[in-house]
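Chains as they are written, first to last, in this note's numbering: chain A, 1 to 308; chain B, 1001 to 1248; chain C, 2001 to 2273. Working notes, structure below.
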Amino acid sequence: MSNVVEARFLSKWYGEVIGLNNFSIDVPKGITGIVGPNGAGKSTFFKLLTGNIKTNVGHLRVLGEEPWRNPGLLAKIGFCPDYDFLPPDLKGREYLRFVAGLHGMDANRTATRVDEVLGIVSMVKDADRSMGGYSKGMRQRIKIAGALLHEPQLLLLDEPLTGTDPLIRKEIIDLVKDLNKVHGHDVIVSSHVLHEIERMTHQVALIYKGRSVASGDISEIRQLMSDHPHNIVLEGRGLVPLAQLLLSKPYTSSIELRPDRLGMFVRVDRPEEFFNYLPDLVAEAGCELERVESLDDDLESVFRYLVG
Amino acid sequence: MSFNFKGLWTVAAFSARKLLMNRRWMLVLLLGVLVASVMGYAATEDGADMDFASDLMAMLLLAFLLPVLSLIYGASMIRNEMDDRSIVQVITAPLDRRISYLGYYIGLVMVLCLLITAVTAVGGLAFLMFSPERDGGVQLVLTFIVLQYLGVMIYSALFLLLGTMLRQPIYLGLFYIFIWEGFVASLPGSIGDLTIRHQLQSVASELTELGYFTSSSGDGAVAALVLIALTVVLVLAGAFLFREKEIA
Amino acid sequence: MGLNPIGYKPWDGKRTEHGRRFLVVAESILRHKLKTKWFLALLIIGTFLVHVMPLFIYSMMPHRELEAEVMRDYLGNGMYFIFEVILVALVCSDLISEDMRSNSFILYVSRAMGVKGYLLGKWTGAMVTIGLFTLLPPLAVAVAVTATQSGSDYLGSLKVIGQTLIAGVWSAAMLVPVGLAVSSLTAKKTYASVGTFMFFFGLMLVSGIFSGLSPDWNMISPPEVLYQSHTVLYGLELSDDVNRFLLGAMAFLLTVPPMALVYYRIMRKEAGK
C-alpha cells in the first residue's frame, strides 16, 4: 500500500454548510501537510478519517479500510485534535493510563509504554502534575503522547502549533519530524500557516472552501505565490514619473494613483520581474520611495487565484 | 476485532470517577441532610410507625430523589462530554461505540447506586434513631435500597438515552418526572400504569407489607420483568443511537 | 481599490435614556426566548392544558358575572403551578448563569447601566416572558367570561379582571426571583434549571409530609402560598387555619432575599471573586 489515505470526490455537509466539496486526495507515506485557511475543511477531513462523522458522498480509505463504524481501524490511527479536551483534574500520567485502558493495553505494557512516550514528548518531569496547571505547549505534547501511546501506524495532528510560542513551536516541529524519521510513523499534519508546514515536510496539499486546490511539492506552491498577479502598494514622493515608467512595462496591468499623489496601487502579472526591475526604475524616475508592499504575498491570495 | 473488555471497564471506571469528582456531590450532601432532617423530625411525631416510615421514604426517595438524581447524573453524562468534546478520546479508541455506551451506563449505575444507598441509609437511620418503634426498620431500609437499585437501572437507562439524543435533555426529563409521573399518572384510570413509579410500587408491594404499597395494583413479578425488559430496550436503543451518531 | 484614511466620528444618533436602558435588556430576553423551541413548545402545551379548557367551560356555562372565586380556583390549579415552575426554570436558568460563565457582565456594566439596571432588565425580561403564561391567558379567560355573562354588573366583572391582572403579575413575581437566584449560583444553565425545580418541589414535598401533623406546614408549600395570596388579591376571606404571618413571611422570603442574593453574587463576580 503506497498511500495511507485515498479520498475520491468526498463531500460532507452540515445542514446548509458545506464542509468538504468534491474533495479528492492521495496521501502517501511519510509526513504530509494539509494547508488551508480557517474554515477550509481541514478538521472536517480529519473527523472523516477517524470515523467521527461519515461522508455524504464519495469514497474514503484510510490504511486500506473504510473508517466509518470501524473501531478496529482506530488501533492503527492516533488522533490529536486541535481543541483542548484534557480533563484539568487528571495528572498527565493518569490521562495516559486512561488512554491505554481505552486501547485495551494490559497493565505491564501500559507502564512501560507510558514512560516511553513521555520521554518522546519530553514530558517526564511534568507527568505527575495536574493537567490544569500545564502550559499550552505541555498540553499539546500530552495530547500527542496520547495519540502515540498505542504505537499507531498513522498519526493525525490537527493544527498542533496553534496558540504556541516560537520555542514550543520549534520543539513540536522537531518532534513531528522525529516521529516519522526515527519512529517510523506516517503523519498527516494540518495548519493554516505554510511556512510552519514547510519546516516539517515538503509534501503538502492545499485545501480551500472544502475543495482540494493543489497538492505536491512545496516548492511548486511557493512558485505559485510568485507567479500569480499581485497588488502592490507604493508610497513616497515624486511617484508620477515612476508610474509613467511602470505603465510602459509589459508586466504591469494597471496603476491607480492616489489623489494626493503620495501613493499608488500597481497590479502586476509577474511580481518577480517587477521587484527585480524596481530599483532601476526608481533611480531613473528620481523618486523617493518610503513604502513598498505586496498585498497578495500570502497563501490566501494563492487560494483565491487557484480557485478563481 | 476481539472484545475489548479492558476498554469497557476503563470507560465505566473513568466516567464513574468523573461523576463522583464533580461538585455535584455537594448537592447530594445537601439532599442527604434534607432527607435525614425530614425523616428524623418526622420520627418524633405521634403515630410515627413503620407504615409512616415506608410512606415517607416512598415520597422522599422513590418519587423525588431517585428520579431527580438519575436525571441530573444520567442526562449530563454523555451530553457533557459531547458538549466539551472530551468524548473524542472514547470515540477515537478501538472500542465499538455500543460497548462504550454500555461502559457509560455501568459507570452511571455504579455511582447512582452508591449515592442512593448512602442517602437511604442516612435517612433510614435518622428515622430509626428518633422513632420509638424500630422493629423491622432495618429490613425496610434494605428493601428500599434494593427497590431503588431497580429504579436506578431503569431511570439511568432512560436519562442516559435522553442525554445522547437531545441537546437539552433536562427539560424533557423534568417534564417526565414532574408532569408525567407526578401529575398525569395520578389521574384516574390505567394511565397511571404507564409510569416507572407505578411499576416500582408494584414491585414494592411484593417486597414489603408496610405503607401504601399494600394497596398498589399490579403484579410485582410482572412489574419487575417489565422494568428489566424496558431497561434492556432503552440501553440497546441508546447504544445503537450512539454508534450511528455523527459526533463533530 | 484605494486607501481611505481611518476617521472616527462620534455617534450622533438617538440614545436611549439612562432610566430606560433596562428595557433593552428585557426586550432582548423576550425576543431570545420566543425563538427558543423548548420554551415555545412548553408554552403552547401549558396554555392548551391549563387555559384552553377553562376558556370554553367558563364562557359556555351559564353565569351572571365574572366571579372572583372562580378565577382564584382556576389559577389555583396544580397544573398551572407546575407549568409555571417549568417555564420559570427554563426562562431564568441561563439569564445570569450564562453571564457568569462567560463573564459578560462587563458588556452591561461598562455601559451607562450599572448592576441595578442590569438586574432590573433581567427581572423585567423574565417577568414579561413568564407573563405570557401567567397573565395573558387568564386575562383572556376573564374577558371571555365577562363578554358572555348574562348579568349586567360589568363593573363588578371589570374589577375581577383588574384583580386577575394583579394576580397574574404576582404569580410571575413570586417565582421569578428564585429562578434568578438559582441561576446566579451556577455557571451551568442545566443545573440552574434542575435547581429551580428542586427548590420548589422540595418545599412542596416537605410541606406534604408534615402538613398532616400541623396545617401551618402548608404555608411552606409554594402553590399553597400562591393560592392563598390570590385569595387575598381577589378580596376573598382567608380561612381560619391559614397562618397569615407565615403567608406573609413566605411571600417575602420567596421574593426579596433571592433578589438580594442575585445582587450580591453579581457584585462579587464584578469584583473578580
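Here a beta-carbon is modelled for each residue, glycine too, at the ideal position from N, C-alpha and C.
On the CB-based measure, 16 or more other CB atoms within 10 Å of its CB, does residue 2235(C) come out buried or exposed?
Residue 2235(C) counts as exposed, since fewer than 16 other beta carbons sit within 10 angstroms of its beta carbon.
Ordered along the chain, which non-local residues of its own chain (more than five positions away) have a Cβ less than 7 Å from that of residue 266(A)?
These residues qualify, in order along the chain: 232, 234, 246, 252, 255.
Residues of chain B with CB under 9 Å from residue 2208(C), in chain order?
1059
First and last residue of the uninterrupted beta strand (DSSP E) at residue 32(A):
Boundaries of the beta strand (DSSP E) harbouring residue 32(A): 31–35, taken from the DSSP string.
Leaving aside the five residues before and after residue 82(A) along the sequence, list all residues of the same chain whose C-beta is less than 7 Å from its C-beta, in chain order.
43, 158, 159, 162
In the segment 1076–1094 of chain B, which residues sit with their C-beta less than 7 Å from some C-beta in chain C, listed in chain order?
1076
Taking the alpha carbon of residue 1178(B) as the point to measure from, which residue in 2183(C), 2205(C), 2156(C) has its own alpha carbon closest?
2205(C)
Residues in its own chain within less than 8 Å of residue 1108(B) by CB, not counting five upstream and five downstream?
1015, 1016, 1019, 1073, 1074, 1077, 1156, 1160
First through last residue of the beta strand (DSSP E) which encompasses residue 13(A):
Note, residue 13(A): beta strand (DSSP E), 3–14.
Would you call the segment 2159–2176 of chain C in contact with the segment 2077–2089 of chain C, where contact means no fewer than 3 C-beta pairs closer than 8 Å?
Taking a cut-off of 8 Å for Cβ pairs, the segment 2159–2176 of chain C and the segment 2077–2089 of chain C touch, as three or more such pairs fall below it.
May I have the straight-line CA-CA distance separating residue 2001(C) from residue 249(A), to the nearest angstrom?
For residue 2001(C), the predicted structure reports a pLDDT of 47, less than 50, and the residue's modelled location is therefore unreliable. A value from the coordinates is still provided. Distance between the alpha carbons of residue 2001(C) and residue 249(A) is about 21 Å.
Relative to the alpha-carbon of residue 237(A), which residue among 110(A), 291(A), 120(A), 295(A) has its alpha-carbon at the smallest distance?
In terms of Cα proximity to residue 237(A), the closest of 110(A), 291(A), 120(A), 295(A) is 291(A).
Inspect the CB distances between the segment 1088–1095 of chain B and the segment 65–84 of chain A and report whether three or more fall short of 8 Å.
yes
On the DSSP letters alone, give me the boundaries of the beta strand (DSSP E) that residue 64(A) sits inside.
Per DSSP, residue 64(A) belongs to no beta strand (DSSP E) and is neither H nor E.
Under 8 Å from the C-beta of residue 2179(C): neighbouring residues of chain B:
By Cβ distance, chain B contributes nothing, its closest Cβ being about 13 Å from residue 2179(C), past 8 Å.
Suppose you measure from the CA of residue 2247(C) to the CA of residue 2181(C); what does that come to, to the nearest Å?
21 Å
Could you tell me whether the Cβ of residue 71(A) comes closer than 7 Å to any Cβ of chain B?
yes
Would residue 53(A) pass as a contact of residue 205(A) if the rule is Cβ separation under 7 Å?
no
Residue 1046(B) - partner residues in DSSP beta bridges
For residue 1046(B), which the question treats as bridged, DSSP gives no partner whatsoever.
Extent of the continuous alpha helix (DSSP H) to which residue 291(A) belongs:
Counting along the chain, residue 291(A) falls outside any alpha helix (DSSP H), though it belongs to the beta strand (DSSP E) covering 288–294.
For residue 2228(C), which residues in the same chain have their Cβ closer than 6 Å to its Cβ, ignoring the five residues on either side in sequence?
2242, 2247
Could you have a look at residue 276(A) and say whether DSSP puts it in helix, strand or coil?
In the three-state scheme derived from DSSP, where H, G and I count as helix and E and B as strand, residue 276(A) is classed as helix.
Have a look at 2089(C), 2018(C), 2034(C) and flag the residue whose alpha-carbon is nearest the alpha-carbon of residue 1175(B).
2089(C)
Please tell me whether, using a cut-off of 6 Å, the distance from the CB of residue 1182(B) to the nearest non-hydrogen atom of the ligand NAP is below it.
As for the ligand NAP, it is missing from this structure, which has no ligand bound.
Looking at the structure shown, is residue 2073(C) part of a helix, part of a strand, or coil, going by DSSP?
Residue state, collapsed to three classes: helix.
List the whole-angstrom C-beta distance separating residue 2113(C) from residue 2021(C), where the pair is believed to meet the contact cut-off of C-beta under 8 Å.
That belief holds up - the Cβ atoms of residue 2113(C) and residue 2021(C) are roughly 5 Å apart, short of 8 Å.
Reducing DSSP to helix, strand and coil, say where residue 70(A) ends up.
coil
Would you check if there are 3 or more beta carbon pairs closer than 8 Å linking the segment 2063–2083 of chain C to the segment 2133–2144 of chain C?
yes
Sub-7 Å separation of residue 2126(C) and residue 2092(C) beta-carbons
With respect to residue 2092(C), residue 2126(C) sits close: the two C-beta atoms are nearer than 7 Å.
Go through the segment 164–217 of chain A residue by residue and report every complete run of the beta strand (DSSP E) that reaches 3 residues or more, in order.
186–191, 203–208, 211–217
So residue 1170(B) is in the alpha helix (DSSP H); what residue range does that whole segment cover?
1169–1174
Counting Cβ pairs closer than 8 Å, one from the segment 1048–1057 of chain B and one from the segment 1207–1222 of chain B, do we hit at least three?
With the cut-off at 8 Å, the segment 1048–1057 of chain B and the segment 1207–1222 of chain B touch.
In or out: residue 1058(B) buried (at least 16 other Cβ within 10 Å) or exposed?
buried
Start and end residues, alpha helix (DSSP H) containing residue 113(A):
107–120
Taking any Cβ of chain C, which residues in the segment 1145–1179 of chain B have a Cβ under 9 Å from it, in chain order?
Listed by position along the chain: 1168, 1169, 1170, 1171, 1172, 1173, 1174, 1175, 1177, 1178, 1179.
Out of curiosity, what's the CA-to-CA distance linking residue 285(A) and residue 239(A)?
Rounded to the nearest angstrom, the two C-alpha atoms are 8 Å apart.
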